[in-house]
Amino acid sequence: MLSRLFHRLHNQIVVPLVIGAIIVAFVATIIAVRIISPPIEARVRSNLSNSAVMASNRFGQQIAQLRNYAKVVAESENVEKAIVTDARTIRPVVIPMRATLGVDFLSVLDRNGKSLTSLGEKQPPPENYRASRLLEFGSMEMNAADVIHGRKDVSLAAIAPTRDERGTTGYIVVGRRIDRAFLLTMQDRSDVPLTLIDFEGKRVLASTLATRERALLPSGPRLANAQRAIERKNAIERSFSLGETVYIARYVPLLVEGQEIGVLEVVQPTTQVVVTTRQTTVLIVMWSGVAVLVLFGLGLFIAHKVSKPIRHLATTAGRVAEGDFTPVVEVHGKDEIAELSSSFNAMTSSLREQTAALTKRLVELYAFYDMSKALGRTLDLDELLDTVLDSALKVLRADCGYVMLADRETDELVLKARRGPAGPISKPEEVSESIGRWVLQEGKPLLFGEGKYRDSGLEAGETPKSAICVPLKVKDNVIGVITVSSQSAELQFTDENVRLLSSLAGNAAVAIENAQLFKSLEEAYMGTVKALAAAIDAKDSYTQGHSTQVAHYVLMLAEEMGLCEEDKKAVETAAYLHDIGKIGVRDEILLKPGRLSLNEMNEIRHHSMISANILAPVPFPWQVTPIVRHHHERWDGSGYPAGLKGHEIPLLARMLAVADAFDAMTSKRPYRKKKSIAEGIAELKACAGTHFDPELVPAFIKAVESAEAIPTSSEEPSGYSIPDQFDREEVRAIFVSLVNGIMGSYRRLGGPRVAANLEEELNEEFSQKGFPITFHRGFLTAHWNTELTLREEIEMFREALAIQCRAIESLVGSGIILRFFTEVLEGLSTRFQMLAARFGLDSTLAAKGAESRK
């Protein structure tokens, strides 16, 4: 057991120190108890003696005070006069004097000792005065005091004679009853009670002890001790026990006018000695415990200085052996252990730095790898830019960043992606454009920190605390910039960070350019598709804009159903091209104003197969052909061309069927009037489960009803309606967006110089018509006329749009202006698109403008 206890160096140091401290504490406690008890008991006896002397002195002071009070009353002229002239007037005179003096009783006697008046409830009977020496002192014209004994109580009184020119006329007696209250005035400490015993040592006259304490203390020995004190005529001390408590009592004879009148007992239990001894013992034990703890702590400190560093060094070496290079041995000093630890720390530091460098390289490689995978996974520019920015922030541990791309026409930087500490930056103005412009112009990176910036020529106020901005280069062409920054002053970017971000930007720039090229191709492709659809719709005046509106409706349904982007693109393309097969239908049938015969109807029904055959050789990115082929199939199988039913019909073809039918219902045809929106919805509900997918109809109706305005394909200018809930500013915003967008498209096509000539032409015509609008560098400036009604203002907007469309159509052709108008309209929000259609500010204006030009 002992060998195991002392096996470790730590225990060999600590255990002996603790055992030694315990032994010292035990011996110290015994010695202290032996030494401290006698002085404490002597101190208790000294306090008792002082209390007895103090009480005796205060008793003498009470006697002197009563003598003085009696003399003051006796020498009062009013009292002397009342005694001599009329005894009945004495009482009113002495009543206030007694109250002022605060004595228990006051008596006025004639010279024969007969009571003339007495005040106080505690005064003794007059015959008791004769039993005392008071009248004897009075007859000798003395101002003296004595004790007056009653049956159950004792009083201390003083007498003084009253005189006139003939001699003594009476006596004044004042006194106090000797009771517990009287003794309390003699007491200097509340824990030292006083008791007054008569001069014969037979009974207790008064005591400050409580009734219970008085009953507990033995009366026999106390009275005997009082008699001994009287016999010896000197103070004595005695001890007696009550249970486990030992009491010390001092007995002091009390004298009045040289005669013993009783014995004053002062009692104090020796509890203080026991308590003090016990407290001292506890203190010694406590401090001994503290000493043990101190020695234990000292032992731990010594062990810490000796054994712990060795053990810590061994543990750390084990962790390093397992591949953890982060622990450091912290040892202070210049001894051998400190030298060994310093060498060990140098070794682990070198390993740690090499490991950190390898880890950093690995993180960079993984970041490049992840980004490369992401870049190869998508051609969507927004998604690609988000991926690039997130990768840059992750690798550089930055918390803010943004990507800006240069506009190919204006060469201005446009913010495309941004991130802040809590996600995307909500306000574009939070991005500093001055940094990006400098990097775009110079074509080289910019590195700066708080108060320091390099090679920029920027004002210090324009720079953040720490940031890097590098160009996105493809060969020698800068297509944009990427900037990362940190809001923390502790993170300062270095040239190594610039190198890393530049490498990342170089890879990203190629992917960004490819995405831009793909987007341009996609826009050109969709523009071609829309132009082709517009050309097809233009063949029949009743179906102008039909393909655009069907595309609009089917995209609403796709949004409601939460389809992916690929399916949205596929169904949108199919919507634009679903009637391309009508070019294979004879015009006399297609444009026939009346109802078609059965043969003519069969020929019309071939247009879906003709459309599919035309589109089949085209390598669309999506499965467009099946959608177009089967968009006239019915849920119950009664449709054409294949008679498919239920889920045999492709989902996107079912969606296109609902949108195509709804637009046809709510548009004017040569053989019938158009139906209202409510009638069209009712027709869809009636045909759900027979003609249309019963699950798609409710979704389509919800999408239509949630819109605040519904497009109409063939309304006359005077037939548009104004919704109940709208803002006049919304109408103006739609108009400005349309004319600016169309002008911007033309400006990109023809160039700034040609566009400026067109603006001059339009401004002149607007001025002639009194329109408060002008073009300047591709943008509309308006001074709204507040006196116009809403309908008058809308008519002005429609006419201005038609003028713009006619002017551009004369330069580029009707197909291009239709394409411009459609692209701008689709760039508006869903609400603005629907309001534009409701107000008649749609692509029909472009078509009608072209017709009026012809």
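For any residue, its number in this note's numbering is found by taking its place in the sequence shown, counting from 1, and adding 979.
Cβ atoms here follow ideal geometry from the backbone N, Cα and C, with glycine treated the same way.
**Report entry** Boundaries of the beta strand (DSSP E) in which Glu1244 is found, first to last residue
**Finding:** 1238 to 1248
Query raised in the report: Can you tell which of Thr1305, Cys1543, Lys1547 has the C-alpha that lies nearest to the C-alpha of His1531?
Result: Lys1547
**Report entry** Through-space distance from Asp1359 to Leu1496, alpha-carbon basis
**Finding:** 11 Å
Query raised in the report: For Thr1604, which residues of its own chain have a beta-carbon under 7 Å away from its beta-carbon, when the five flanking residues on both sides are left out?
Result: Ala1591, Leu1594, Ala1595
Query raised in the report: Helix, strand or coil for Phe1472 per DSSP?
Result: It is coil, neither helix nor strand.
Query raised in the report: Which term fits His1762, buried or exposed, when burial requires 16 or more other beta carbons within 10 angstroms of its beta carbon?
Result: exposed
Report task. Would you mind sorting Val1374 into buried or exposed? The rule is 16 or more other CB atoms within 10 Å of its CB. Result -> buried
**Report entry** Local conformation of Arg1770 per DSSP, three classes
**Finding:** helix
Report task. Go through its chain and collect everything with a Cβ distance to Lys1681's Cβ below 8 Å, but skip five positions before and after it. Result -> Glu1539
Requested in this report: Inspect the beta-carbon positions of Val1449 and Leu1480 and report whether they are closer than 8 Å.
Outcome: With contacts defined as CB atoms closer than 8 Å, Val1449 and Leu1480 qualify as a contacting pair.
Query raised in the report: Going along the chain, which residues of its own chain have a beta-carbon closer than 6 Å to the beta-carbon of Gln1247, five neighbours each way excluded?
Result: Leu1027, Val1171, Ile1227
**Report entry** Residues near Gly1723 in its chain [Cβ-Cβ closer than 7 Å; skip 5 each side]
**Finding:** Gly1757
**Report entry** Straight-line gap, Arg1798 to Gly1720 (C-alpha atoms, nearest Å)
**Finding:** 12 Å
**Report entry** Arg1156 - partner residues in DSSP beta bridges
**Finding:** For Arg1156, the beta-bridge partners assigned by DSSP are Ser1134.
Requested in this report: With a threshold of 16 other CB atoms inside 10 Å of the CB of Lys1431, please say whether the residue is buried or exposed.
Outcome: Because the pLDDT at Lys1431 is just 48, under 50, the model does not fix this residue reliably, and the value given afterwards should be weighed accordingly. Exposed, by the Cβ-count rule.
Query raised in the report: What residue does the beta strand (DSSP E) around Ile1458 start on, and which one ends it?
Result: 1456 to 1465
**Report entry** Val997, DSSP secondary structure in three states
**Finding:** The DSSP-derived three-state label of Val997 is helix.
Query - Of the listed residues Ala1632, Ile1263, Phe1599, nearest to Met1614 (C-alpha basis) - result: Inspection of the sequence shows that residue 1614 is occupied by Trp rather than by Met. Selected option, being the one with the closest Cα: Ala1632.
Requested in this report: Select from Leu1272, Lys1395, Val1063 the residue whose C-alpha is nearest the C-alpha of Glu1144.
Outcome: Minimum Cα distance to Glu1144 is reached at Val1063.
Query raised in the report: Is it right to say Pro1288 is buried, meaning 16 or more other beta carbons lie within 10 angstroms of its own, or is it exposed?
Result: buried
Requested in this report: Within the segment 1602 to 1643, note down every full alpha helix (DSSP H) run reaching 4 residues or more, in order along the chain.
Outcome: Complete alpha helix (DSSP H) runs here, min 4: 1604 to 1608.
Query raised in the report: To the nearest angstrom, how far is it from the Cα of Gly1622 to the Cα of Lys1561?
Result: Going by the C-alpha atoms only, they are around 20 Å apart.
Requested in this report: Determine the direct distance from the alpha carbon of Glu1766 to that of Leu1363, and round the result to whole angstroms.
Outcome: 50 Å
**Report entry** Top-ranked residue by Cα proximity to Asp1132, from Ile1157, Tyr1108, Thr1148
**Finding:** Of Ile1157, Tyr1108, Thr1148, the residue nearest in Cα terms is Ile1157.
Query - Buried or exposed by the 16-neighbour rule on C-beta atoms within 10 Å, applied to Pro1677 - result: By the Cβ-count criterion, Pro1677 is exposed, with fewer than 16 other Cβ atoms from all chains shown falling within 10 Å of its own Cβ.
Query raised in the report: In the structure shown, what three-state DSSP assignment does Met1813 receive?
Result: helix
Query raised in the report: When you compare only the Cα positions, how much space is there between Gly1199 and Ala1185?
Result: 16 Å
Report task. Could you check what DSSP says for His1525 in three-state terms: helix, strand or coil? Result -> helix
Requested in this report: Let me know the beta strand (DSSP E) ranges lying completely inside the segment 1711 to 1782, each 3 residues or longer, listed in chain order.
Outcome: Taking only runs of at least 3 residues, the beta strand (DSSP E) segments lying wholly in the segment 1711 to 1782 are 1752 to 1755, 1758 to 1761.
Query raised in the report: What do you get for His1755, buried or exposed, if any count of 16 or more other CB atoms within 10 angstroms of its CB means buried?
Result: exposed
Report task. Have a look at Leu1636 and Leu1556 and give me their C-alpha separation to the nearest angstrom. Result -> Note that residue 1636 is Ala in the sequence shown here, rather than Leu. When rounded, the distance between both Cα atoms is 13 Å.
Query raised in the report: Excluding sequence positions up to five away, which residues of its chain have a Cβ less than 8 Å from the Cβ of Ile1002?
Result: none
**Report entry** Residue nearest to Glu1098 in terms of C-alpha spacing, selected from Pro1751, Ala1078, Arg1112, Tyr1108
**Finding:** The residue asked about is misnamed: residue 1098 is Leu in this sequence, not Glu. That would be Ala1078, whose Cα lies nearest to the Cα of Leu1098.
Report task. Under 6 Å Cβ to Cβ from Gly1117, same chain only, skipping five residues before and after it: list those, please. Result -> If you ignore the 5 residues before and after Gly1117, its C-beta comes within less than 6 Å of the C-beta of Ile1138, Pro1140, Tyr1150, all in its own chain and listed in chain order.
Query raised in the report: My guess is that Ala1396 and Leu1368 are in contact by the Cβ rule of under 8 Å, so how many angstroms apart are they, rounded?
Result: 5 Å
Report task. Taking the CB atoms as reference points, tell me whether Ile1019 and Thr1256 lie closer together than 8 Å. Result -> yes
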